[in-house]
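Following: one structure in structure tokens, then a few remarks.
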Amino acid sequence: MKTSEILVYKGTMTGTIINVIAVLLGGVIGLLFGSRIPERFKSTIVAGLGLFTAAMGLQMFLNSENPLIVLGALLIGALLGEWWKIEDGMQALGQFLEKRFYRDEEVGSGSRFVRGFMVASLLYCVGPMTILGSIQDGLTGDYNLLAVKSTLDGFASIAFASTLGVGVLFSSLVVFVFQGGISLMAGQLSAIISDPMLNEMTAAGGVILLGLAISNLLEMKKIRVGNFLPALIIAPLIVWALEKF
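Following this line, the structure appears as structure tokens:
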């Protein structure tokens with residue numbers, strides 16, 4: 085492999101590595117100093133993050149040019165997610181990491197560790213900056229967008245880790261695999277994804293973020309949010325099908 089090829093390859097993961105470091109650093113700060121923050125402050129901070137996440141999700145949904153495409157993607161995605169048991173898989177992964185690396189009196193799918201792992205993983209991996217930033221980083225080595233996202237994720241990790249615990253740190257594994265995977269496949273994705281497809285994928289991601297806020301952050305109603313993730317793939321596929329047929 086030539087030196088230039090090595091440099092290009094390294095550039096494809098730069099933004100993701102920065103993001104992982106930001107999540108870990110923010111999480112450690114939250115764990116170290118979280119005990120000094122009064123409980124009412126923590127709950128208010130999480131509620132604020134929930135409101136912001138809901139507003140951001142709604143703003144993303146407004147990018148849709150055809151809401152029916154988003155609805156179809158969410159319904160099909162939910163069926164696939166339930167079939168593949170994505171939410172259960174994420175919970176199982178969280179429980180495995182908890183048993184392997186952490187000891188707490190509360191163990192199981194409803195534990196603080198698993199909740200922190202799932203909330204952080206979904207929030208950090210669903211959004212336009214994740215998709216666009218990863219593609220941009222993979223294609224050109226320009227990681228500015230992911231650097232902005234990393235700053236936001238770092239501050240969010242401080243708040244999450246102080247309230248939801250060490251599980252937040254392990255979400256960095258999901259960030260590394262998900263964002264890094266998109267960056268590495270960016271060359272293929274750029275030739276396939278058009279602007280309309282990206283708009284509907286972003287809108288579907290917005291609804292998922294809204295569900296995350298309602299279910300896990302504001303705790304208004306329990307929703308198996310992880311099972312909607314296939315909608316991020318289904319939405320651009322529906323746009324592609326409508327354009328072709």
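Note that the numbering used here has the sequence shown beginning at 85, numbered continuously upward.
By construction, the Cβ of each residue, glycine as well, lies at the ideal position given by its N, Cα and C atoms.
Please identify the residue among the options whose C-alpha is closest to the C-alpha of residue i.
i, options, result
"G110", "V252, F312, A288, K328", "V252"
"S210", "R308, Q263, L146", "Contrary to the premise, residue 210 reads as Val rather than Ser in this sequence. Of the candidates R308, Q263, L146, the one whose C-alpha sits nearest the C-alpha of V210 is Q263."
"G141", "V104, G178, M213", "M213"
"L294", "K169, K328, F254, V203", "V203"
"L282", "V259, F125, N147", "N147"
"G173", "S205, M144, E327, A157", "S205"
"A319", "E149, Y208, A297", "E149"
"F201", "L108, K328, F329, G99", "L108"
"L296", "V154, T137, K126", "T137"
"V154", "F254, K328, I322", "I322"
"F125", "R184, I160, L223, T247", "T247"
"A139", "L268, I292, K306, V112", "I292"
"I307", "I101, D221, R199", "R199"
"E49", "L116, S278, N103", "Missing from the structure shown is residue 49; the chain here goes from 85 to 329 and no further."
Helix, strand or coil: which one does DSSP assign to residue i?
i, result
"E303", "coil"
"V104", "helix"
"V112", "helix"
"G249", "coil"
"V210", "coil"
"L216", "helix"
"R308", "coil"
"G225", "coil"
"P314", "coil"
"M202", "helix"
"A270", "helix"
"M97", "coil"
"A240", "helix"
"F180", "helix"
"I322", "helix"
"S148", "coil"
"V329", "A small fix is needed here, since residue 329 is Phe in this sequence, not Val. Here F329 sits in coil by DSSP."
What residue range does the alpha helix (DSSP H) around residue i cover?
i, result
"E284", "279 to 296"
"M140", "123 to 145"
"L158", "151 to 168"
So with Cβ pairs under 7 Å, would you call residue i a contact of chain C?
i, result
"L230", "Of the protein chains in this structure there is only one, and it is not chain C."
Q) Counting pairs of Cβ atoms below 8 Å between the segment 282 to 293 and the segment 234 to 250, do you hit three or more? A) no
Q: Count the C-beta pairs between the segment 161 to 172 and the segment 305 to 323 that are closer than 8 Å, then say yes if the count reaches three, no if not.
A: yes
Q: Tell me, please, whether the segment 297 to 306 touches the segment 126 to 135 by the rule of three or more beta-carbon pairs shorter than 8 Å.
A: yes
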